[in-house]
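One structure below.
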Amino acid sequence: NAGDPFQVTDSEKSARQIGIKRQELKKRKESKNLKKITLDNLYEQIKEGELQELNVIIKGDVHGSVEALQNALEKLSTSEIKLVTRHASAGTINENDVMLASASNAIIIGFNVRPNSNTQTLADQEKVEIRKYNIIYEAIDDIRSAMEGLLSPELKEQTLGSAEVRNIFKVPKIGTIAGCYITSGKIRRGSEVQLFRDGVGIYRGKISSLKRFKDDAREVETGFECGIGIENFNDIKVGDLIEAYEIIELAKKLEGGNGRDQAKES
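Written out as structure tokens, the structure reads:
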């Protein structure tokens, strides 16, 4: 192309290698400049004519859930935008899912599964949005609302902290107490929690007991050990992850939204 740098090489092989390398660099640059799709900017891109397909990757705890969610989401396609499932499978969200999402400009939808810290870090670097749900209709409603430009303020789970189960103690008349190490954030007594085993959520409940050594504790922070009891649940195993969360309200920030849309969201 006019204006491109001109380079003299000593062989045809070297010239081909340089050409291939330049093409790779060009593709990387184009990928970085690509406006990654999120549910928040979906409607904007549809109206600007920049998007005809919404690519999604669906991961879930079991095949039945994945299939049900995929079928329901694909029915949301309209004349303006088609929802395309690039990949759907049971299992935790992994780095391969993130790289596929990055390459296809897709949103990852996780049902009752979570990415590990390395996968989440990669997703942040690649600007890949991971949406996590525990109820199928909430995922369907979110996608439908985004496609209509009506992503309303809603209650969301915000993670407070995570604890790794390292020991198990059976306490008479109380039940199972998990000897834990706080790996991130903080754990509060009375918090809502979800217990994950091998990356898959298996139980949701509330912390009934939180102790530091033999003393009751209001909260325990990162880097400390504690004993955690979960209300009405004793099937805790070494290696499980306990994730504490709280429910917060997130307000939608509209960019270029009109009055009608704002009225619908209020």
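In my numbering, each number is its position in the sequence shown, counted from 1, plus 7. Cβ atoms here follow ideal geometry from the backbone N, Cα and C, with glycine treated the same way.
Phe118 is a Cβ neighbour of Ala146, given a cutoff of 8 Å. Beta-bridge partners of Asp68 (DSSP): none assigned. With respect to the 8 Å criterion, Gly230 and Gly186 are not classified as neighbours on the basis of their beta carbons. Remark: C-beta atoms of Tyr188 and Arg204 do not approach each other more closely than 8 Å. Distance from Val200 to Ile214 at the Cβ level is roughly 6 Å; contact confirmed, criterion being Cβ atoms closer than 8 Å. Annotated as proximal: Leu76 and Ile65, with beta-carbon spacing under 8 Å. With contacts defined as CB atoms closer than 8 Å, Ile100 and Glu60 fail to qualify as a contacting pair. Boundaries of the beta strand (DSSP E) harbouring Gln201: 199-204, taken from the DSSP string.
Cβ atoms of Tyr252 and Gln165 come within 8 Å of each other, at about 6 Å. If the five residues before and after Ser72 are omitted, its C-beta is found closer than 6 Å to the C-beta atoms of Phe118, all from its own chain and listed in chain order.
Rounded to the nearest whole angstrom, the CA to CA distance from Glu136 to Arg211 is 24 Å. DSSP, read as helix, strand or coil, puts Asn241 in coil.
Bounds of the beta strand (DSSP E) holding Thr92 are 89-97.
Of the candidates Gln127, Leu107, Tyr140, Ser124, the residue whose Cα lies closest to the Cα of Ile116 is Tyr140. If you check the CB distance, Ser216 and Gly236 come in under 8 Å.
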